[in-house]
Structure formats: C-alpha cells, structure tokens
Amino acid sequence: MQYDKTLRKIKKLSSNVYYAVASYQMFPGAIMELSQADRQHLDKSKQDTGSLGNTNDGLKYDSGRIAHDFSCIHSKDLLPAVGGEEATKHFLQELVNILLAYISKSLKRSSKVLDFHYPHQLKEGLEGFSLELPDQPDNLEQLLVDCRDTLKYGVKTGHIRIHYSIKKSASVLGIGSENVIVVRCDKRAHSVTWNPHKMMGVPLQCSTILVKRKGLLQECNQLCAEYLFQPDKHYDVSYDTGDKTIQCGRHVDVFKLWLMWKAKGSEGFEAQINHCLENAEYLYYKLKRRTDFQLVFKGKPEHSNVCFWYLPKRLQNISPGPERDRELHMVAPQIKTKMMEEGFTMIGYQPLEDKVNFFRCVFSNPATQREDVDFLIDEIARLGCEL
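Residue numbering for the sequence shown follows full-length UniProt numbering, starting at 1 and increasing by one per position.
Encoded structure:
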C-alpha cells in the first residue's frame, strides 16, 4: 500500500516537471518559452526520478537557472525565503498577466460569458484540474493552471453581455443626480446601508452604513482592547478608529470605495449610473415596439431593470389565460438552457406572485452599449423562435 502511494507521488512529481512546456503550448504567451538548455535540464530531471521519489526537496528553485520555470518552484521558495525575490516577482507578474488576459477577454464581445459544463462534469474533474487537497504542496505552475481553470470555467461576471440580478441602491441614493428619489422614512430609523459592490461596481466585499448620531458606531462596537488600542500612546488616540467597526482595524471596504471615488469622481459615478438607466430605457422602448416580446409592467422602468416575456409564434395569437400561462411559464427556462450552453450572453428569469416566469434584465456594467442590448434581444428571439 505504501509502495503504491509513493509511486503515485513519483509519477505526479515527475509529470509536474513538464508543466512549464505544456503550459506554453496550451497558453502561448502566458509564460516565457524555455531555452534549449532549460529543456535539456528538464529532460534530465525527468529521467532522474531518484531526486523526486519522496518529497519536494529535489525541486528547489535556482534563481540563477530558470526564473520562469514555475514547475520547479513551490510557495516555500517565495519571499520571505532567502533569495526569493526573483521567484516572487516572476510569479506575481504571471498572476497579473492571467488577470489582465481575463479582463481583456471579458470585454470582448466575441468571447463567451460562460464556458458551460454540466455540474457532474466539473465534479468528475476536468483535465488538469482537481479540487482535492494534496499531502505535498503543488508547485507554482500547478497553482497558475488552477487559477486559469477557475477563471475559464466560471461565469465572467464583468462581461459586457451579462445582464443579471443586482441591487440598485446607488441610483436610489442619487449617485445618478438626475434620478434622485425621495423616500419618506420612519422617524425611528437612524441609519441607511447599501452595498457599493453592487451597482457602483466596487470590488467585493464592500458595504457601507451611515448613521445619524455621531459616536453611535463606537458605542456599539468598541471593546477597548488595550492590547490593540493602548490609551497611553504618544499621539492623539482618537485617530485609532478601529473600535468603531466590527472589522476592527481592517478598513479595506472603505479604502476600495474611497479609491474608486477618487478615480471616477462624483461626476464619473453619475455618468455611470445614468448610462445604466439609459440602457434600461432603450431596451424598454425596443421591446414595446415588438410583437414577439411583452413587457411585464406597463410603465417605464423605474431603475435599471426591465422585466419581459418572450412570446414564440405559437403563443402570440393565444388570449391571455391559464392555458397560455402554462406554456409561457416554460419558455424562459428553455431559452436560458440554450443560452448557457452557447454562452454568448446571460440573463436571469423568475416568476413573481401570479406572473409566470419572465426575463429580468438588469444593467450594471458601464461598458454595455446599445449594440449589446440589440444583441440580447436578437439572441433571445433566435433561441426561442422554434419553441
């Protein structure tokens, strides 16, 4: 039994040596091509299974040899390891390259929103990808492969043609200044909260709470932990704001919001929100003029979401009633199935009280243009015309 386990580790470690070359073939430009000398070194390492038999000790990183051969590097070789500066730099650069490629692809209309696989396919394990946690650490090349696969098989939530559910507090709060909504609140309410990671587009996680009374947050959250906030410091301790929040000194949420607000300015956020609302209005008027679509609500959209049914030809001349509702209820799920399998756009659907399944298009991506709205309409009609 122990022999079989050891043999499996040998095979796994031996095959990992060739990950750099394999990754170059699969992802050209993702890593630098190995020189002939480096290939010969890898060939020699492949044959010398004795150095790979028991642990990863035979795969130590040599900064003077191959700075970009991640198959021979492990996390222990990165900083704070002695001499780990070069390895860390190349590894982080490669991660940035992966993210840049992902972002660029998400903004290309020709790329898919989703590379769909059925859950049982993902569970069985895709080639080169595994959720199992190993006893011995994987090399950095395997981690890069895992990062690429995770991005590849996940939904590209930043894609121009994904129109999915999102809360719209930014527009209610008047970030789009032409669309301020005055809401009468209970006098007993002392706070308001919203998630900037929704329509404002701040990276997850980012939530804010505003309160009326100064000092309330500190009264609620402070623990006065002296090992964290010493009262006898050599500066004004009122600047130690960690006791005001449940996150203590970790203020990453507000930093992301502050940094994005600095980058866009209030006018930039206003334009972003108004653009989403304009897209919603554009979709509303386009659907209103078509006979194969029917709006769920008669009035103009109040926010950035538009709710509608698609009516296949066989249902267009049937009077509203239980029979048509029963058939119409199945249309949106069938279109969504085809939409996911082809992967070029994405939209959610749902029932609501007495209303059968309808599409709910939500605009939140400032990169979405009118041509993308037209594409969505045409795509739904193409996928549903034969239903």
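Note that beta-carbon positions come from the ideal geometry of N, C-alpha and C, so glycine has one too.
Note that this is a predicted model, so its numbers are computed, not measured.
Check: Please give the ranges of any alpha helix (DSSP H) in the segment 182–239, keeping only runs that are unbroken, at least 4 residues long and fully inside the region.; Outcome: 216–221
Check: With a cut-off of 8 Å on the beta carbons, I'd call asparagine 195 and serine 207 a contact; round off their distance for me.; Outcome: 5 Å
Check: Do three or more CB pairs link the segment 326–343 to the segment 377–384 at distances below 8 Å?; Outcome: yes
Check: What first and last residue would you give for the beta strand (DSSP E) that runs through proline 351?; Outcome: 346–352
Check: Excluding the 5 residues flanking leucine 315 on each side, which residues of the same chain have their C-beta closer than 7 Å to its C-beta?; Outcome: Arg324, Glu327 and Leu328
Check: Could you tell me the distance, in whole angstroms, from the CA atom of asparagine 357 to the CA atom of phenylalanine 70?; Outcome: 49 Å
Check: Taking the C-alpha atoms as reference points, what is the distance between alanine 81 and histidine 303?; Outcome: 53 Å
Check: Measure the alpha-carbon distance for phenylalanine 363 versus valine 202 and round it to whole angstroms.; Outcome: 15 Å
Check: Would aspartate 372 pass as a contact of isoleucine 160 if the rule is Cβ separation under 8 Å?; Outcome: yes
Check: For valine 211, count neighbouring C-beta atoms within 10 Å of its own C-beta (all shown protein chains included) and say buried if the count is 16 or more, exposed if not.; Outcome: exposed
Check: In whole angstroms, what separates the C-alpha of valine 306 from that of arginine 360?; Outcome: 6 Å
Check: Quick check on the burial criterion: 16 or more other C-beta atoms within 10 angstroms. Buried or exposed for glutamine 230?; Outcome: exposed
Check: Sort Asp354, Gly348, Glu342 and Gly343 by Cα distance to proline 322 and report the nearest one.; Outcome: Asp354
Check: Straight-line CA distance for arginine 370 to methionine 346?; Outcome: 16 Å
Check: Where do the ends of the alpha helix (DSSP H) carrying arginine 382 lie?; Outcome: 370–384
Check: Within the same chain, show all residues whose beta-carbon is closer than 6 Å to that of aspartate 253, passing over the 5 residues directly before and after it, in chain order.; Outcome: Cys206
Check: Rounded to whole angstroms, what is the Cα-Cα separation between glutamate 270 and glycine 154?; Outcome: 30 Å
Check: Taking the straight line between their C-alpha atoms, what separation do you get for arginine 213 and histidine 190?; Outcome: 8 Å
Check: Mind checking tyrosine 118: buried by the 16 CB within 10 Å criterion, or exposed?; Outcome: exposed
Check: Select from Lys233, Asp240, Lys187 and Leu257 the residue whose C-alpha is nearest the C-alpha of isoleucine 209.; Outcome: Leu257
Check: Pull up the CB-CB distance for arginine 95 and threonine 88, whole angstroms please, since I reckon it's below 8 Å.; Outcome: Sequence inspection shows leucine at residue 95; the arginine mentioned does not correspond to that position. Wrong, their Cβ atoms sit about 11 Å apart, outside the cutoff.
Check: Quick check on the DSSP output: the beta strand (DSSP E) that includes asparagine 357 runs from which residue to which?; Outcome: 355–362
Check: Is the beta carbon of lysine 156 less than 8 Å from the beta carbon of serine 106?; Outcome: yes
Check: Tell me which residue opens and which closes the alpha helix (DSSP H) that phenylalanine 269 is part of.; Outcome: 252–288
Check: If asparagine 279 and threonine 150 are in contact, beta carbons under 8 Å, what's the gap, nearest whole angstrom?; Outcome: That belief does not hold up - the Cβ atoms of asparagine 279 and threonine 150 are roughly 30 Å apart, past 8 Å.
Check: State the Cα-Cα distance for the pair leucine 131 and histidine 251, rounded to the nearest angstrom.; Outcome: 32 Å
Check: Just to confirm, are phenylalanine 344 and lysine 112 a CB contact at a threshold of 8 Å?; Outcome: yes
Check: Relative to the C-alpha of cysteine 72, which residue among Gly299, Met199, Lys338 and Glu141 is closest?; Outcome: Glu141
Check: Expressed to the nearest angstrom, what Euclidean distance is found between the alpha-carbon atoms of threonine 145 and isoleucine 377?; Outcome: First, the residue type needs correcting, since residue 145 is valine and not threonine in the sequence shown. One C-alpha to the other measures close to 36 Å.
Check: In the DSSP assignment, what residue or residues form a beta bridge with valine 306?; Outcome: Cys361
Check: DSSP on isoleucine 162, reduced to helix/strand/coil?; Outcome: strand
Check: On a Cα-Cα basis, can you pick out the residue from Phe255, Gly83, Cys276 and Arg148 that is closest to leucine 99?; Outcome: Arg148
Check: What did DSSP end up calling leucine 131 once you bin it into helix, strand or coil?; Outcome: coil
Check: Once you ignore the five residues that flank residue 414 on each side, which residues in its own chain have a CB closer than 7 Å to its CB?; Outcome: Because residue 414 is not part of the residues shown, which for the chain are 1 to 387, the question remains open.
Check: Thinking just about the alpha-carbon of each residue, which of Ile273, Lys298 and Gln272 is nearest to the one in tyrosine 284?; Outcome: Lys298
Check: Nearest CA to the CA of serine 75: which residue from Leu311, Asn317, Gln136 and Tyr164?; Outcome: Gln136
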